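Enquirer: Position one of the sequence shown corresponds to residue 113 (this note's numbering), numbered consecutively onward. Heads up, the beta-carbon is just placed ideally off N, CA and C, and yes, glycines get one too. Just so it is clear, the structure is predicted and the values come from calculations on it, not from any experiment.
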Amino acid sequence: MLLRKVTIENFRGLKRIEVDLDETTVLIGENNSGKTAFLHAIHYCLNRVKIRRHSNFDEYDYHFTSDRADPLTAGSIIITLEFIEKQPDEWDAELVRALGEAVVLRDDDRREVRLVVKSYYDHAQGDFVQDWQFLDSTGNPLTGRASQPQVLATLQQLRPMFYLSALRDAAREFGRTSPFWGPFLRSTTIPEGLKQELETALGGINEKIVQAHESFDHVREHLTKVQKIIPLGREDLVSIDALPVRVFDMLSRTQVSLACNSGAKIPIFRHGEGTQSLSVLFLFDAFLKAQLGSAYDRLTEPIIALEEPEAHLHPCAIRSLWQVMSSLRGQKIIASHSGDLLAEVPLQSIRRFSRENGEIKAFRVAEGLLNDEELRKFNYHIRQTRGELLFARCWLLGEGETEMCIFQELGRLLELDMDRYGVRFVAYSQGDIEVFLKVADALGISWHCLFDNNSEGQKYKTKVLPYLRGRTQDNHISTIPEANIDLFLCKNGFTHIYKNYITPNIHSRITVNRNDPQYCDQLYAAINNLRRFSKPRAAWEVVEDIRHRGPEAIPPFLAAVLHRAMFLAGWSNYD
Numbered sequence: 113m114l115l116r117k118v119t120i121e122n123f124r125g126l127k128r129i130e131v132d133l134d135e136t137t138v139l140i141g142e143n144n145s146g147k148t149a150f151l152h153a154i155h156y157c158l159n160r161v162k163i164r165r166h167s168n169f170d171e172y173d174y175h176f177t178s179d180r181a182d183p184l185t186a187g188s189i190i191i192t193l194e195f196i197e198k199q200p201d202e203w204d205a206e207l208v209r210a211l212g213e214a215v216v217l218r219d220d221d222r223r224e225v226r227l228v229v230k231s232y233y234d235h236a237q238g239d240f241v242q243d244w245q246f247l248d249s250t251g252n253p254l255t256g257r258a259s260q261p262q263v264l265a266t267l268q269q270l271r272p273m274f275y276l277s278a279l280r281d282a283a284r285e286f287g288r289t290s291p292f293w294g295p296f297l298r299s300t301t302i303p304e305g306l307k308q309e310l311e312t313a314l315g316g317i318n319e320k321i322v323q324a325h326e327s328f329d330h331v332r333e334h335l336t337k338v339q340k341i342i343p344l345g346r347e348d349l350v351s352i353d354a355l356p357v358r359v360f361d362m363l364s365r366t367q368v369s370l371a372c373n374s375g376a377k378i379p380i381f382r383h384g385e386g387t388q389s390l391s392v393l394f395l396f397d398a399f400l401k402a403q404l405g406s407a408y409d410r411l412t413e414p415i416i417a418l419e420e421p422e423a424h425l426h427p428c429a430i431r432s433l434w435q436v437m438s439s440l441r442g443q444k445i446i447a448s449h450s451g452d453l454l455a456e457v458p459l460q461s462i463r464r465f466s467r468e469n470g471e472i473k474a475f476r477v478a479e480g481l482l483n484d485e486e487l488r489k490f491n492y493h494i495r496q497t498r499g500e501l502l503f504a505r506c507w508l509l510g511e512g513e514t515e516m517c518i519f520q521e522l523g524r525l526l527e528l529d530m531d532r533y534g535v536r537f538v539a540y541s542q543g544d545i546e547v548f549l550k551v552a553d554a555l556g557i558s559w560h561c562l563f564d565n566n567s568e569g570q571k572y573k574t575k576v577l578p579y580l581r582g583r584t585q586d587n588h589i590s591t592i593p594e595a596n597i598d599l600f601l602c603k604n605g606f607t608h609i610y611k612n613y614i615t616p617n618i619h620s621r622i623t624v625n626r627n628d629p630q631y632c633d634q635l636y637a638a639i640n641n642l643r644r645f646s647k648p649r650a651a652w653e654v655v656e657d658i659r660h661r662g663p664e665a666i667p668p669f670l671a672a673v674l675h676r677a678m679f680l681a682g683w684s685n686y687d
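#1: Does the structure place the stretch 622-640 close enough to the stretch 656-663 that three or more beta carbon pairs sit under 8 Å?
#2: Report yes or no: do three or more beta-carbon pairs, one from the stretch 301-318 and one from the stretch 424-433, lie closer than 8 Å?
#3: Measure from the alpha carbon of S646 to the alpha carbon of each residue in N625, F563, G534 and I609, then state which is nearest.
#4: Measure from the alpha carbon of L114 to the alpha carbon of each residue in N252, Q262 and L270, then state which is nearest.
#5: Going by DSSP in three states, G510 sits in which element: helix, strand or coil?
#6: Tell me which same chain residues have a C-beta within less than 6 Å of the C-beta of P183, skipping the five on either side of it?
#7: Specify the secondary structure class of D484 as computed by DSSP and reduced to three states.
#8: If you drop the 5 nearest sequence neighbours on each side, which residues of the same chain put their C-beta closer than 8 Å to that of A478?
#9: Nearest by alpha-carbon distance to A186: which of N122, E500 and N587 is it?
#10: Are three or more beta carbon pairs between the stretch 577-595 and the stretch 618-628 nearer than 8 Å?
#11: Assuming M113 is part of the alpha helix (DSSP H), what are its boundary residues?
#12: Have a look at the DSSP bridge pairing and note the partners of M273.
#13: In chain order, what residues of the same chain have a beta carbon less than 7 Å from the beta carbon of P253, not counting five sequence neighbours either side?
#14: What is the C-beta distance between V547 and L482, in whole angstroms, given that I count them as a contact (C-beta under 8 Å)?
#15: What residues in its chain sit with their C-beta under 8 Å from that of N668, if we drop five residues either side in the sequence?
#16: Taking the straight line between their C-alpha atoms, what separation do you get for V576 and R583?
#17: According to the Cβ coordinates, are L522 and L370 closer than 8 Å?
#18: State yes or no: is the C-beta of F475 within less than 8 Å of the C-beta of R467?
#19: Is DSSP giving G451 helix, strand or coil here?
#20: I want to know whether the stretch 197-217 touches the stretch 140-150 - three or more CB-CB distances under 8 Å.
#21: Quick one: give me the first and last residue of the beta strand (DSSP E) that E224 is part of.
#22: Can you find the residues in the same chain that come closer than 7 Å, C-beta to C-beta, to G512, ignoring five residues on each side of it along the sequence?
#23: Once you ignore the five residues that flank L211 on each side, which residues in its own chain have a CB closer than 8 Å to its CB?
#24: Please say whether V241 and R165 have beta carbons closer to each other than 8 Å?
#25: Looking at the unbroken beta strand (DSSP E) that takes in E202, where does it start and where does it end?
#26: Can you tell which of T387, R365 and F360 has the C-alpha that lies nearest to the C-alpha of C372?
#27: C724 bridges to which residues according to DSSP?
#28: Going by DSSP, what residues sit across from A371 in a beta bridge?
#29: Using CA coordinates, which residue listed in H560, L453 and E135 is at the minimum distance from G499?
#30: Taking 8 Å as the threshold, find out whether the stretch 413-426 comes into contact with the stretch 208-222 through three or more Cβ pairs.
#31: When we look at the beta-carbon of I518 and count the other beta-carbons within 10 Å, is it buried (16 or more) or exposed?
#32: With H, G and I counted as helix, E and B as strand and the rest as coil, what does DSSP make of H166?
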């Protein structure tokens, strides 16, 4: 019984968002794009909400529309969870009986359980209140047994949510108060006789240690003076424990050590951040297996929420981590900032949180948008090799390596913070530009295409025009004034760089002088097929020349293309 859809209204930074979920779903997006709030909202419904009276939400859980907003007048928090069969009669009959009247039949003959949780400020009561209801397939509240608290408790027992945040501190997570490590320390099954035997042995070892350490005698002697002021009622007043002498105390102080490269065993919290983070993740896995085996029955399938499982890990370790997460039992919702992790994630499992018209929306590549061949191309050219592109705000699409070299460096010379605004260059000549645009539009990524002014460029432009869908062509398409980027550079201040590639045996192919409008055309035609001529190398020499001469040497057309891409990414200085 999978959680198929979540709708959230007025919860923290989320005004309204709808997210479809799969068996494994990966959330991506910038910081403060609502991923954590989304996970917390589900956690509230499946773990914290129990009653209909006092609210489990606090004042800062409500959505503030301005700096003067007040939780007393904020809109009601509304969180709707929809558990839906993928196909009719998919759910176990025993599970359906357990949930009783909360299970309803949709028009398509699939079963559904729809839970809505609300919270708002009740002016009559002068306090924040909450309510929850199960709904029918049309959205009306169910009455009768479906309104009983026991039904909510049953759902929470059948689909509990376990949440591991991005803030993973091994010293805390392996402490005795940890929700994941603590249960292992407390669930002792040591027989009473063996327990007494162990405590006697521990007491003997402790006494030997204390006696061998003579300086403790002075401490003991002075501490007995407490009796003179405060009557403590026993002769054997001071006991110094070099180690715990009671089993429960010793268990509570248990620490885990890992061997380092030298073989020395070091406590986990003394290892590097990556090892600590990974250790906590595996502890979480062990906790889930133990907890599900003891506290839940066979019908229970947990919802597991993980934030940034890749934290502090080497890229190779991140990619292999996906197999570990895939093996976790239950439905997984993972928030990540790692392009390396996305390289292992099916494209349809990704949900991109992004702002649109001031509100956070969730974008996805729907099933069927790409055929098998298109999906193969996208996986090869983007997801498996440059997964970080899925985090970008705007793709600047150009033909190949020359354009990539030019624009990345010109952005730095123009002091345009392309990384901050998420502008990334994508070469389309070896891929399929239509596939790139389909995915960009589906994920809410803006795009701007640069084309050569020749037959090949016109062919690409013809493919792209239908994807404008009412958008302004100038915002999304630029055509180089010349046949290609190299000829454009040659004619716009960098003739000397291309002239350096001329050899004596081809000099005769240039029949006009340098001031003639045809000079660069003949020059480029003469050197284009030379083995010693490299377009990317010439582009790099152009960049070095601009770096030496200053930004004023940058051709205005190229600067305008960069400014347009920055504008599409949210840059506000565009004129």
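Expert: With the structure as the only source:
#1: no
#2: no
#3: To locate residue 646, count along the sequence shown from 1; it is residue 534. The shortest C-alpha separation from S646 is found at I609.
#4: For the purposes of this step, residue 114 is taken as the residue at position 2 of the sequence shown. L114 has its Cα closest to that of L270, out of N252, Q262 and L270.
#5: Here the question's residue 510 lines up with position 398 in the sequence shown. Strand.
#6: By one-based count along the sequence shown, residue 183 stands at place 71. Cβ within range, chain order: E171 and Y174.
#7: Here residue 484 is taken as the residue at index 372 of the sequence shown, counted from 1. Reduced to three states, the DSSP call for D484 is helix.
#8: Sequence index remark: in the sequence shown, residue 478 carries index 366 (1-based). Within the same chain, A478 has close Cβ partners Q460 and A554.
#9: Numbered from 1 along the sequence shown, position 74 holds the residue referred to as residue 186. Answer by Cα proximity: N122.
#10: no
#11: By one-based count along the sequence shown, residue 113 stands at place 1. Taken as a continuous stretch (DSSP letters only), M113 belongs to no alpha helix (DSSP H), as it is neither H nor E.
#12: Locating residue 273 in the sequence shown gives position 161, where the first residue counts as 1. According to DSSP, M273 bridges with I415.
#13: Indexing the sequence shown from 1 puts residue 253 at position 141. Answer for P253: Q245 and L247, listed in chain order.
#14: The residue labelled residue 547 in the question sits at position 435 within the sequence shown. The residue labelled residue 482 in the question sits at position 370 within the sequence shown. Correct: roughly 6 Å between the Cβ atoms.
#15: For this step, residue 668 is matched to residue 556 along the sequence shown. Going by the sequence as given, residue 668 is Pro instead of Asn. The answer is none, since no qualifying residue turns up.
#16: Taking the first residue of the sequence shown as position 1, residue 576 is located at position 464. Taking the first residue of the sequence shown as position 1, residue 583 is located at position 471. If I take the Cα positions, the gap works out to 12 Å.
#17: Position 410 of the sequence shown, counted from the first residue, corresponds to residue 522. Position 258 of the sequence shown, counted from the first residue, corresponds to residue 370. No, these two residues do not count as a Cβ contact at 8 Å.
#18: The residue labelled residue 475 in the question sits at position 363 within the sequence shown. The residue labelled residue 467 in the question sits at position 355 within the sequence shown. No, the pair does not count as a contact, with Cβ atoms beyond the cut-off.
#19: Taking the sequence shown and counting its residues from 1, the one referred to as residue 451 is at position 339. Correct three-state label for G451: helix.
#20: no
#21: What you label residue 224 is simply residue 112 of the sequence shown in a count that begins at 1. Segment R223 to D234, the beta strand (DSSP E) holding E224.
#22: Looking up residue 512 in the sequence shown gives position 400. Contacts found: A539 and S541.
#23: Against the sequence shown, residue 211 aligns to sequence position 99. Counting only Cβ-Cβ distances below 8 Å, and skipping sequence neighbours, we find V225, V263, T266, L267 and L270.
#24: The residue you call residue 165 lines up with position 53 of the sequence shown. The residue you call residue 241 lines up with position 129 of the sequence shown. Result yes, Cβ atoms of R165 and V241 sit closer than 8 Å.
#25: To locate residue 202, count along the sequence shown from 1; it is residue 90. First-last for E202: undefined, no H or E at that position.
#26: Taking the sequence shown and counting its residues from 1, one reaches residue 372 at position 260. Comparing Cα positions, the closest option is T387.
#27: Outside the displayed span of the chain (113 to 687) sits residue 724, for which this structure offers no information.
#28: Within the sequence shown, residue 371 is the residue found at index 259, counting from 1. According to DSSP, A371 bridges with K377.
#29: By one-based count along the sequence shown, residue 499 stands at place 387. Checked all of H560, L453 and E135; the closest Cα to G499 is L453.
#30: no
#31: In the sequence shown, the residue the question calls residue 518 occupies position 406. Its Cβ being crowded by 16 or more others within 10 Å, I518 is buried.
#32: Position 54 of the sequence shown, counting from 1, holds the residue named residue 166. H166: strand per DSSP, three-state reduction.
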